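In full-length UniProt numbering, the protein residues as written are 1 to 143.
Just so it is clear, CB atoms sit at the ideal spot from N, CA and C, and this is done for glycine as well.
Just so we're clear, the structure is a prediction, and the values are computed from it rather than from any experiment.
Working notes for the structure below.
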Amino acid sequence: MLPAAARLRRSEDFRVVLRRGSRAGRRRLVVHALTTDPSAAAPDAARAGFVVSKAVGNSVVRHRVTRQLRHLVSARLGTLPPGSSLVVRALPPAASASSAELGADLDAALRRLGLTSSRRTAGEGAPRQPRQQDAAPDHGSAV
1 MLPAAARLRR SEDFRVVLRR GSRAGRRRLV VHALTTDPSA AAPDAARAGF VVSKAVGNSV
61 VRHRVTRQLR HLVSARLGTL PPGSSLVVRA LPPAASASSA ELGADLDAAL RRLGLTSSRR
121 TAGEGAPRQP RQQDAAPDHG SAV
């Protein structure tokens, strides 16, 4: 759950981010971001809002997607610049996506917007490659 101070709630806040902010689209979601001037007096913490329309699915599906996105964004809010605002808009393919796929799309969009570094965020490492087995394993025989 996002704390109240980290949520966009008013339609005017959403409108400002969508109109003035930059946008990065991926297959399953679109991220709109607006960063404030860092020299502004006491920038607020990063905030996020979500848009999941009926095109994504019925009520159960929309709420599931919103919960997944909320969890993913809450883990990444601390890495965003203070005063930045995000609007994450889910697209219809998000309905059948796993949390890992949504997380990968979110990370890629945040990197494209320049809000995070190129390395993985929120403790997610790259998928591990299976170790290759030697053709003839050495069992310690000394001959």
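- With a cutoff of 8 Å on beta-carbon distance, LEU102 and LEU72 are scored as near each other.
- Take LEU80, set aside five residues on each side of it, and the residues of its chain with a beta-carbon closer than 6 Å to its own are ALA46 and LEU115, in chain order.
- The Cβ-Cβ distance between VAL88 and ALA48 falls below 8 Å.
- In the DSSP assignment, SER22 is bridged to ALA33.
- Beta bridge pairing from DSSP links VAL88 with VAL31 and PHE50.
- Contact between the segment 88-100 and the segment 17-28 is present, with at least three C-beta pairs closer than 8 Å.
- Per the coordinates, the alpha-carbon of ALA33 lies some 12 Å from the alpha-carbon of LEU8.
- By the beta-carbon neighbour count (other beta carbons within 10 angstroms, threshold 16), ALA104 is buried.
- Looking at the DSSP output, ARG7 shares a beta bridge with ALA48.
- Judged by DSSP secondary structure, SER74 falls within the alpha helix (DSSP H) whose first and last residues are 59-76.
- For THR36, the closest alpha carbon among the candidates VAL56, ALA5 and GLY83 is that of GLY83.
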